[in-house]
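Presented below is the structure to which this report refers.
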Amino acid sequence: MLEDAIAVLRCPVCGAGFQTGVGQVRGLLCASGHAFDAAKQGYFNLLTGKGTVFEADTADMVSARQRFLDGGHYAPLSNAVADLAAQFLDSPDALVLDAGTGTGHYLHAVLQKRPVDAIGLDISKFALRRAARVNPQVANIVWDIWRPLPVADGSVDVILVVFAPRNAVEFARVLRPGGRLVIVTPRQGHLAEAAGRTGMLSIQQDKEERLAGSLGGHFSLEHSEELDIPLTLDPGTLADLAFMGPAGHHRDPVELAEQARAGGPVSTTARFSISVFTLGDMPS
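Heads up, the numbering used here is the position in the sequence shown plus 1378, with the first residue counted as 1.
What follows is the structure, given as structure tokens:
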């Protein structure tokens, strides 16, 4: 399955395909001779040239996310994403691309329902170390979603975007006809009580309009559903929740933990929108 996923990858230098063979994949070599070694944890770093302007999640942020997700707090979301994606992965040669795979948590849920070929992209090597352990059969790739994706045209059946950037032009290019884009975004009021305790970033009021605008001209909304998850979080879990997100880039973890401990457990509600998009008319 890993080699089948590698077969649709493209060299970021020249655009050629990568050679595949039998046995353990220790590196990627394209027809033009550009080589990319596999990290010992099992992922590949295809980034070349100038680095990204976006901050990758740190090791501490990734550890916080792993602890929180392993606690099952977002299990209803994982199940909902997997159920939706599985509807469009019934072909034996189906391929799912997780754009912003992180620790591989949501992709793992999808593959439990549909064990298809898969590619996971993320900018954080720390996240991909964990993703490669969780999903060793997946082609886990260090990549910047805002760059042209190292994936062949029309090769993907489902793209997952869970709290990650949306590169509409590239998503449209790599999706097969009839493919689906499954996007998860937080709604207004998401974790409001937790944010009040820890200073987490609030949700923009026009987030859903911004989502539609970012995909306009490329995708049409096919289905949307809302999911609310009531949570009661102890101080340690609350600190992990706050630190695993964007706040982790600019908050001191010790200070954050102290804020989380003030007042004991907190009850809050995670509020999500799960949207399915299909390819629309391409702009001329």
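Built from N, CA and C at the ideal position, the CB exists for glycine as well.
Note that the structure is a prediction, hence the values are computed from the model and not measured.
Taking the alpha helix (DSSP H) that Val1494 belongs to, which residues open and close that run? Reading the sequence shown from its first residue, position 116 is the one you call residue 1494. Under the DSSP assignment, Val1494 falls outside any alpha helix (DSSP H); it carries neither an H nor an E label.
Determine the DSSP secondary structure at Glu1604, reduced to helix, strand or coil. As a first step, residue 1604 must be located in the sequence shown, where it is residue number 226. Strand, per DSSP.
Inside the stretch 1471–1555 only - alpha helix (DSSP H) runs reaching at least 4 residues: Runs of the alpha helix (DSSP H) inside the stretch 1471–1555: 1483–1491, 1503–1512 and 1546–1552.
Taking Val1654 as part of the alpha helix (DSSP H), name the residues at either end of that continuous run. Position 276 of the sequence shown, counting from 1, holds the residue named residue 1654. It is not in any alpha helix (DSSP H) - Val1654 instead sits in the beta strand (DSSP E) that spans Val1644 to Leu1657.
Within a Cβ cutoff of 8 Å, which residues of the same chain sit near Gln1490, ignoring the five residues on either side of it in sequence? As a working mapping, residue 1490 is identified with position 112 in the sequence shown. When the five nearest sequence neighbours on each side are left out, the beta carbons in the same chain lying within less than 8 Å of the beta carbon of Gln1490 are those of Ala1460, in order along the chain.
If we ignore side chains and look at the alpha-carbon of each, how far apart do Gly1401 and Ile1384 end up? Here residue 1401 corresponds to residue number 23 of the sequence shown, with the count starting at 1. Here residue 1384 corresponds to residue number 6 of the sequence shown, with the count starting at 1. With a pLDDT of only 47 at Gly1401, under the threshold of 50, the placement of this residue in the model should not be trusted; the figure read from the coordinates follows. Straight-line Cα distance between these residues: approximately 13 Å.
Quick one: grab the DSSP three-state call for Ser1469. On the sequence shown, residue 1469 is found 91 positions in, with the first residue counted as 1. Under the three-state reduction of DSSP, Ser1469 is assigned to coil, being neither helix nor strand.
Cα-Cα separation between Val1520 and Asp1500, rounded to whole angstroms: For the purposes of this step, residue 1520 is taken as residue 142 along the sequence shown, with counting starting at 1. For the purposes of this step, residue 1500 is taken as residue 122 along the sequence shown, with counting starting at 1. In this structure, the straight-line span from the alpha carbon of Val1520 to that of Asp1500 is close to 5 Å.
Beta-carbon separation (whole angstroms), Val1562 vs Val1540, contact threshold 8 Å: Walking along the sequence shown from the start, residue 1562 turns up at place 184. Walking along the sequence shown from the start, residue 1540 turns up at place 162. Their Cβ separation, rounded to whole angstroms, is 4 Å, which keeps Val1562 and Val1540 in contact under 8 Å.
Which class does Asp1438 belong to by DSSP, given the choice of helix, strand or coil? Counting from 1 along the sequence shown, the entry for residue 1438 is found at position 60. Asp1438: helix per DSSP, three-state reduction.
What does DSSP give as the partner residues of Cys1408 in its beta bridges? Taking the sequence shown and counting its residues from 1, one reaches residue 1408 at position 30. Looking at the DSSP assignment, Cys1408 forms a beta bridge with Phe1396.
May I ask you to report which of helix, strand or coil DSSP gives Thr1426? Taking the first residue of the sequence shown as 1, we reach residue 1426 at position 48. It is coil, neither helix nor strand.
Which residue or residues does DSSP assign as beta-bridge partners of Val1382? As a working mapping, residue 1382 is identified with position 4 in the sequence shown. In the sequence on display, residue 1382 carries Asp and not Val. Bridge partners of Asp1382: none, in fact.
Name, in chain order, the residues that DSSP records as bridge partners for Pro1564. Looking up residue 1564 in the sequence shown gives position 186. Partner(s): Phe1650.
Would you mind stating whether Val1440 and Phe1504 have Cβ atoms separated by less than 8 Å? On the sequence shown, residue 1440 is found 62 positions in, with the first residue counted as 1. On the sequence shown, residue 1504 is found 126 positions in, with the first residue counted as 1. Contact check for Val1440 against Phe1504 passes: the beta carbons are separated by less than 8 Å.
Taking buried to mean at least 16 other C-beta atoms within 10 Å of its own C-beta, is Ser1602 buried or exposed? Taking the sequence shown and counting its residues from 1, the one referred to as residue 1602 is at position 224. By the neighbour-count criterion, in which a residue is buried when 16 or more other Cβ atoms sit within 10 angstroms of its Cβ, Ser1602 is exposed.
To the nearest angstrom, how far is it from the Cα of Ile1652 to the Cα of Gly1591? As a working mapping, residue 1652 is identified with position 274 in the sequence shown. As a working mapping, residue 1591 is identified with position 213 in the sequence shown. Straight through space, the alpha carbons of Gly1591 and Ile1652 are spaced by roughly 16 Å.
Taking the CB atoms as reference points, tell me whether Leu1506 and Tyr1421 lie closer together than 8 Å. If you number the sequence shown from 1, residue 1506 lands on position 128. If you number the sequence shown from 1, residue 1421 lands on position 43. Yes, the pair counts as a contact, with Cβ atoms nearer than the cut-off.
Residues in the same chain with beta-carbon distance under 6 Å from Ala1635, minus the five sequence neighbours each way, listed in chain order, please. The residue you call residue 1635 lines up with position 257 of the sequence shown. If we look at Ala1635 and ignore the five residues flanking it on each side, its Cβ neighbours are Ala1617.
In the DSSP output, what is Leu1599 paired with across the bridge? Translated into the one-based positions of the sequence shown, residue 1599 becomes position 221. In DSSP, Leu1599 forms a bridge with Phe1655.
What do you reckon, are the CB atoms on Ala1663 and Asp1468 nearer than 8 Å? Nothing in the structure corresponds to residue 1663, since the chain is present only between 1379 and 1662.
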